[in-house]
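**Q** Quick one: structure below, then a few questions.
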Amino acid sequence: VDPVLLPIPTSLQTPRLLLRISDAGDGEFMYSAATASASELRRFLDWAKAGILLATVEAYCRRQHGLFYTRKQLNYLMFRRDHGQFVGCCGIVRTDWDLRQFEIGYWLSTAETGQGLMTEACQAVIEMASSVLEATKITLRCDAENIKSAAIARRLGLSREAVHPNWRRREDGTWTTLEEYGLICSGR
Ligand SMILES: CC(C)(COP(=O)(O)OP(=O)(O)OC[C@H]1O[C@@H](n2cnc3c(N)ncnc32)[C@H](O)[C@@H]1OP(=O)(O)O)[C@@H](O)C(=O)NCCC(=O)NCCS
Numbered sequence: 506v507d508p509v510l511l512p513i514p515t516s517l518q519t520p521r522l523l524l525r526i527s528d529a530g531d532g533e534f535m536y537s538a539a540t541a542s543a544s545e546l547r548r549f550l551d552w553a554k555a556g557i558l559l560a561t562v563e564a565y566c567r568r569q570h571g572l573f574y575t576r577k578q579l580n581y582l583m584f585r586r587d588h589g590q591f592v593g594c595c596g597i598v599r600t601d602w603d604l605r606q607f608e609i610g611y612w613l614s615t616a617e618t619g620q621g622l623m624t625e626a627c628q629a630v631i632e633m634a635s636s637v638l639e640a641t642k643i644t645l646r647c648d649a650e651n652i653k654s655a656a657i658a659r660r661l662g663l664s665r666e667a668v669h670p671n672w673r674r675r676e677d678g679t680w681t682t683l684e685e686y687g688l689i690c691s692g693r
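Counted the way my numbering counts, the sequence shown spans residues 506 to 693.
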């Protein structure tokens, strides 16, 4: 089946969260959350290192809408179900439709960390990938220093499959190490 024709849900629910795809106008609240979390995000996300601008974030939201329907990326915005506030982003940031392998990616408002929200969101995305996308494998790439992200991977059942020393240089010239995690989806 052409992935464009797959009935991929534009929203997902978890006990505490509503996940939905982005649209024009979402940039403003995402910009506020990203700016408030800038020091955490800059450590591990290239787009945040470049500086967070409202226009760039709004353009990202609009572009992501298109990428969802062309099935190149499947990213969701996360909202608390109790008070409706935006808390972060979670989804599939790289797709290999031939092999049905999907890489997850995410960031959370710093104020919302420590409650298991990202683990909960990722679980919903992985379940969707397994059932609707017929995923054969879920992958995650993270900096070896990103202990919290590696903990999410492990909590979700992904195992560390590869370590790549001297992956990229930081601004100060020191090297980062990249870790790759993977989860083989049963029966495929
Ligand atoms: C990576 C990131 C999402 C991790 O956030 P997080 O809050 O640690 O992750 P979760 O929301 O899954 O919460 C897990 C924490 O909540 C705790 N927790 C509380 N209730 C929980 C529950 N019901 N289920 C799971 N964990 C729970 C866990 O013990 C853990 O806390 P600990 O680290 O003190 O042990 C966040 O730090 C972030 O956005 N960083 C910047 C961007 C980034 O690095 N993105 C990933 C790039 S690969």
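Positions of the beta carbon are idealized from the N, C-alpha and C atoms, including for glycine.
By the three-class DSSP mapping on this structure, what secondary structure does aspartate 507 have?
**A** Here residue 507 is taken as the residue at index 2 of the sequence shown, counted from 1. Looking at aspartate 507 - three-state DSSP - the assignment turns out to be coil, as it is neither helix nor strand.
**Q** Looking at the strands, I want to know which residues DSSP matches up with valine 668.
**A** Within the sequence shown, the letter at position 163 stands for residue 668. Glu684, per the DSSP bridge assignment.
**Q** Going by the CB atoms, is the gap between leucine 524 and arginine 586 shorter than 8 Å?
**A** By one-based count along the sequence shown, residue 586 stands at place 81. By one-based count along the sequence shown, residue 524 stands at place 19. In this structure, leucine 524 does not lie closer than 8 Å to arginine 586 by Cβ.
**Q** Look at methionine 633 and glycine 593 and say whether their C-beta atoms are less than 8 Å apart.
**A** To locate residue 633, count along the sequence shown from 1; it is residue 128. To locate residue 593, count along the sequence shown from 1; it is residue 88. No, these two residues do not count as a Cβ contact at 8 Å.
**Q** Let me know the beta strand (DSSP E) ranges lying completely inside the region 536-605, each 3 residues or longer, listed in chain order.
**A** Qualifying beta strand (DSSP E) stretches, in chain order: 579-585 and 591-601.
**Q** Could you tell me which residues DSSP pairs with phenylalanine 607 in its beta bridges?
**A** Your numbering for residue 607 matches position 102 in the sequence shown. Paired residues: Thr600 and Ile643.
**Q** Provide the residue span of the beta strand (DSSP E) that contains arginine 675, from first to last.
**A** Your numbering for residue 675 matches position 170 in the sequence shown. Arginine 675 -> no beta strand (DSSP E), and no H or E assigned at all.
**Q** Going straight from the alpha carbon of lysine 653 to that of arginine 659, what length do you get?
**A** For the purposes of this step, residue 653 is taken as residue 148 along the sequence shown, with counting starting at 1. For the purposes of this step, residue 659 is taken as residue 154 along the sequence shown, with counting starting at 1. In a straight line, the C-alpha of lysine 653 is about 10 Å away from that of arginine 659.
**Q** Can at least three beta-carbon pairs, one atom from the region 625-632 and one from the region 594-614, be found at a separation below 8 Å?
**A** Cβ pair count under 8 Å is three or more, so yes.
**Q** Determine, using beta carbons only, whether asparagine 671 and phenylalanine 549 come nearer to each other than 8 Å.
**A** As a working note, residue 671 is residue 166 in the sequence shown. As a working note, residue 549 is residue 44 in the sequence shown. Cβ distance not < 8 Å, so asparagine 671 and phenylalanine 549 don't count as in contact.
**Q** Out of Val509, Lys554 and Arg674, state which residue places its alpha-carbon closest to the alpha-carbon of leucine 683.
**A** Locating residue 683 in the sequence shown gives position 178, counting from the first residue. When only C-alpha atoms are compared, the closest one is Arg674.
**Q** At a cut-off of 7 Å, is phenylalanine 607 close to ligand 1 when judged by its beta-carbon and the heavy atoms of the ligand?
**A** The count along the sequence shown starts at 1 and reaches residue 607 at position 102. Not under cutoff, so the answer is no.
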